[in-house]
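K.L.:
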Amino acid sequence: MFADIKPHLTELRKRLAISVSVVVVFAFVAFAFNQQIIAFAKAPLMGVVKGDPFIGGIGIFFTALKISIFTGFLFALPVVFFQIWGFIAPGLYDNEKKYVIPFVTVSTFMFLLGASFAYWVVVPLGFQFLWMFAGNLVNFLQTLDEYIGIFTKILFGFGVAFELPVVLFFLGVLGLITDKTLRDFFGYAVVIIFVFAALLTPPDVITQLMMAAPLILLYGLSIIIVRMVNPYKEEPVDDDEDLDIDDISTK
5 MFADIKPHLT ELRKRLAISV SVVVVFAFVA FAFNQQIIAF AKAPLMGVVK
55 GDPFIGGIGI FFTALKISIF TGFLFALPVV FFQIWGFIAP GLYDNEKKYV
105 IPFVTVSTFM FLLGASFAYW VVVPLGFQFL WMFAGNLVNF LQTLDEYIGI
155 FTKILFGFGV AFELPVVLFF LGVLGLITDK TLRDFFGYAV VIIFVFAALL
205 TPPDVITQLM MAAPLILLYG LSIIIVRMVN PYKEEPVDDD EDLDIDDIST
255 K
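For reference, each letter of the sequence shown is one residue, going 5 to 255 in the working numbering.
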């Protein structure tokens, strides 16, 4: 059993090592521009508060390092998704392996789309709500490091969330799910989406709803997409079996 797992673990370590190495390289480059990146991260607050709302705190180096690693991850997304595909590709048929370019391209686009939606919509509205609720932002966030931590968490969460149609599309292509599967699972999916939103957003209802609502819409879109690639087909009823049942009932 363990002998069968060992090659997969070796391949997984190889793919992880490549992904991490590329992220680190981009992070080093991003670190040289950390002040500009931090200013960009703080920009959504400018319409909410006046001036710089954060008090001084230790760990400004680690704040710069944190935002640089996250920026490096964003630039390394095509490589990361290519490594994910490279790990799962050996288990696919030859006609399924041709989807590597669409997978990498669409996955990267959807992650960046989710992160952009979070940056331009969720962060400003979410922190505006927190400002109104807390009276001022300093009562909620004491340091820039806390803000960057929540900021990167929100962008990452929305990026992952927007991958839902991509994942469900490829599960449909592989024949693992149909549109009926998704329709039947819809009620459970809504509950899971709200739990996911609660884990990856600040503790306020507005931000959680702003993540849950698009996810539910994306789930509905996924049903349509899967219907096109792998629609549910009712099994034909055997007329002979019906005849036998009718004969038995008559007797």
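Heads up, the beta-carbon is just placed ideally off N, CA and C, and yes, glycines get one too.
When burial is assigned at 16 or more other CB atoms within 10 Å of the CB, is A68 buried or exposed?
P.N.:
Burial call: buried.
K.L.:
Check for me: the alpha helix (DSSP H) holding Y236 runs from which residue to which?
P.N.:
No alpha helix (DSSP H) holds Y236; DSSP gives it neither H nor E.
K.L.:
Within 10 angstroms of the Cβ of M295, are there 16 or more other Cβ atoms? Answer buried if so, exposed if not.
P.N.:
There is no way to answer for residue 295, as the model of the chain reaches only from 5 to 255.
K.L.:
Considering just the uninterrupted stretch of the alpha helix (DSSP H) at I181, what are its terminal residues?
P.N.:
Segment: none, I181 is in no alpha helix (DSSP H) and carries neither H nor E.
K.L.:
Just mark W89 as buried or exposed, buried being the case when its beta carbon has 16 or more other beta carbons within 10 Å.
P.N.:
W89 should be labelled buried.
K.L.:
Could you please give the first and the last residue of the uninterrupted alpha helix (DSSP H) stretch that includes R102?
P.N.:
The amino acid occupying residue 102 in the given sequence is Lys; Arg does not appear at that position. Looking at the DSSP string, K102 is not in any alpha helix (DSSP H), and its letter there is neither H nor E.
K.L.:
Within 10 angstroms of its Cβ, does M50 collect 16 or more other Cβ (buried), or is it exposed?
P.N.:
Answer is exposed; the Cβ neighbour count stays below 16.
K.L.:
Could you check if N99 is buried or exposed, using at least 16 other CB atoms within 10 Å of its CB as the buried criterion?
P.N.:
By the 10 Å Cβ count, N99 comes out exposed.
K.L.:
For the 8 Å Cβ check, are there 3 or more pairs between the region 100-109 and the region 180-191?
P.N.:
The region 100-109 vs the region 180-191: no contact.
K.L.:
CA-CA distance, L20 and Q87?
P.N.:
Rounded to the nearest angstrom, the two C-alpha atoms are 8 Å apart.
K.L.:
Between the region 110-121 and the region 152-163, do three or more beta carbon pairs fall short of 8 Å?
P.N.:
The region 110-121, when compared against the region 152-163, does touch it at the 8 Å Cβ threshold.
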